[in-house]
Amino acid sequence: MTASSLEIHGLQIEGRAGVLVHGVDLQLRRGEVCALVGSSGSGKSLSCLGMLDLLPQGLLRTGGELTADGQPIAAAQVRGRLASLVLQNPRSAFNPVRNMASHGLETLKLRGIRGAAARERMDHCLAAVGLDERQRVLESFAFELSGGMLQRMMIALALMAETPFLLADEPTSDLDALSQARFLDLLMALVDAHGLGVLLVTHDMGVVARCAEQVVVMEAGRVVERQSARGLFDQPASASARTLLEAHQILTGSYP
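First residue of the sequence shown: 1, per UniProt numbering; consecutive thereafter.
Structure (C-alpha cells):
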C-alpha cells in the first residue's frame with residue numbers, strides 16, 4: 001500500500017477529565033517533515049498517538065477522519081502498513097524477552113519475506129541506519145543496547161515495513177547531544193533517500209529549525225498556528241510559538 005499524503009481531520013480525544021484534543025487537523029506529505037510543537041501538556045503527543053488509535057488506556061478518540069490520498073482509511077490499515085511510530089522511550093517499544101532479530105523477522109513476515117531473503121533485508125536496513133555491528137545488534141535484547149541504537153533500530157524496522165510515513169514522538173528527548181545529532185542526520189538522509197513523510201513531535205525549536213518544512217503549534221489541545229518553519233521563526237503569530245522561541249534563545253544563546 002502506498003500513498004503520497006496522510007491526513008487526520010477533526011481529531012478529538014477525550015478522557016475522564018473531558019476533551020483533551022479539540023478538532024485537530026494534521027497533514028503529512030511524502031518527502032516532507034512536519035513538526036508538531038507545543039509545551040508539555042499541549043496535546044501534541046496525544047494527537048500523534050491518536051492518529052493511529054494507540055492512545056493510553058482511559059483515553060478515546062471520539063472524532064476524526066483519517067485519509068490517505070483523500071480516501072478514508074482505518075487506523076488499523078495504516079499502522080505498520082502506511083505509517084510506523086518512533087517513541088520517546090524506545091526501550092518500551094520492544095518486547096524485553098525477544099532479541100532484535102525476532103522483531104525484524106516478525107515485521108518482514110507480515111510482508112511475506114522469510115528465510116534468507118529476510119536476513120538479507122534485515123542486514124540492508126540495519127546498514128542503512130548506521131548499525132554496523134549487525135550480527136551483535138540482531139542477537140541483542142533491548143536492555144543490551146543504548147537509547148540511540150534502539151532509536152535507529154526502530155527506524156530500521158520502519159524501513160523493513162516499507163512504510164511511506166513515520167510518526168516520531170519526541171524522538172531526541174532522551175538522547176545525549178551527539179546521539180541526537182546522529183539521529184537527526186539519519187532522519188533527514190532517509191527523508192531525502194526514501195521520500196519519507198515525517199510527523200516530528202517536539203518542543204525543541206533547534207530540532208524544528210534543522211529538520212522541518214512545516215510547523216503546527218498546539219496549545220491546550222488546539223492548533224493555534226500553522227505555517228512554514230521559516231515563517232514561524234521570522235514572524236511567529238501565536239503566543240505559544242513566541243514562548244517556545246524565547247525559551248530556546250535563553251537556553252542556547254542563539255536564535256534558529
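We treat Cβ as the ideally placed atom computed from N, Cα and C, and that holds for glycine.
The structure presented is a predicted model; accordingly, all values stated were derived computationally and were not measured.
Beta carbon of residue i nearer than 8 Å to that of residue j
i, j, result
"Leu-244", "His-203", "yes"
"Leu-11", "Gly-63", "yes"
"Glu-32", "Leu-60", "no"
"Val-201", "Leu-36", "yes"
"Glu-246", "Ser-42", "no"
"Cys-48", "Ala-212", "no"
Same chain, Cβ closer than 6 Å to residue i, neighbours up to 5 away in sequence not counted
i, result
"Cys-125", "Ala-156, Leu-159, Met-160"
Beta-bridge partners of residue i, as assigned by DSSP
i, result
"Thr-107", "Bridge partners of Thr-107: none, in fact."
"Gly-18", "Gly-15"
"Ala-83", "Arg-79, Phe-165"
"Cys-34", "Leu-199, Gln-214"
"Pro-72", "Thr-67"
"Gln-151", "Bridge partners of Gln-151: none, in fact."
"Val-223", "Met-218"
"Gln-27", "Glu-7"
Distance between residue j and residue i (C-alpha atoms, nearest Å)
i, j, result
"Asp-176", "Val-78", "31 Å"
"Val-21", "Ala-117", "43 Å"
"Ser-92", "Asp-53", "18 Å"
"Ala-68", "Thr-163", "13 Å"
"Leu-167", "Val-191", "13 Å"
"Arg-119", "Phe-94", "19 Å"
"Gly-18", "Arg-222", "14 Å"
"Gly-148", "Gln-71", "36 Å"
"Gly-23", "Gln-180", "32 Å"
"Leu-145", "Gly-115", "25 Å"
"Arg-182", "Asp-169", "17 Å"
"Arg-242", "Thr-107", "42 Å"
"Gly-112", "Leu-105", "10 Å"
"Ser-5", "Leu-28", "6 Å"
Neighbourhood of residue i by C-beta, 8 Å cutoff - its chain only, sequence neighbours within 5 removed
i, result
"Ser-140", "Asn-99, Met-100"
Closer than 8 Å to chain B by CB, residue i
i, result
"Leu-85", "Checking the listed chains, one finds no chain B in this structure; it contains a single protein chain."
Spatially closest choice to residue i from the options, by CA coordinates
i, options, result
"residue 270", "Ala-142, Ser-45, Arg-29, Arg-226", "In the structure displayed, the chain extends from 1 to 256; residue 270 sits before or after that span and is not available."
"Val-216", "Gly-206, Gly-195, Ser-240", "Ser-240"
"Gln-214", "Arg-230, Gly-206, Pro-72", "Arg-230"
"Gln-151", "Gly-197, Val-129, Gln-71, Ala-189", "Val-129"
"Leu-251", "Glu-225, Gly-206, Ser-238, Arg-210", "Gly-206"
"Pro-96", "Ser-5, Ala-142, Gly-104", "Ala-142"
Close-in-space but distant-in-sequence residues of the same chain around residue i (CB under 7 Å, 5 per side omitted)
i, result
"Ser-173", "Gln-88"
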